[in-house]
Amino acid sequence: MSRDQTYGGLIFAAALAIAVIYVIVFFAPYLGFPASWSWWAVAVPMFLLVIAALAICMWIGWTMLTTPPPMPIETELTAETETEKETEKTDEK
């Protein structure tokens, strides 16, 4: 069994265990467990979803904040032309 298959099996087993636990906790009142577990089964995933969405928004904002603005097209064309001229001069020597 390859390493990728081993990781795949571990991910599958972990997801299956979490799914079984989630279903048991979600239907806790009907299975004889405290009813408050059902509330937590909804509240925790919603909390994680909101935090994940906000983290993605913060990452996008940080990327936009720290990325330098692109050079204007005219400047790029001028810079490329100058680079080509310098390359031609060095090739002639």
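Going by the working numbering, the sequence shown opens with residue 28, and the numbers climb by one from there.
Even for Gly, the Cβ is constructed at its ideal location relative to N, Cα and C.
Computed from a prediction, not measured in an experiment: that's the story for all the values here.
Between A55 and P61, the beta carbon gap of about 6 Å places them in contact (Cβ cut-off 8 Å).
The segment 68 to 79 and the segment 38 to 56 touch, with three or more beta-carbon pairs separated by less than 8 Å. F39: member of the alpha helix (DSSP H) spanning R30 to F53, first to last residue.
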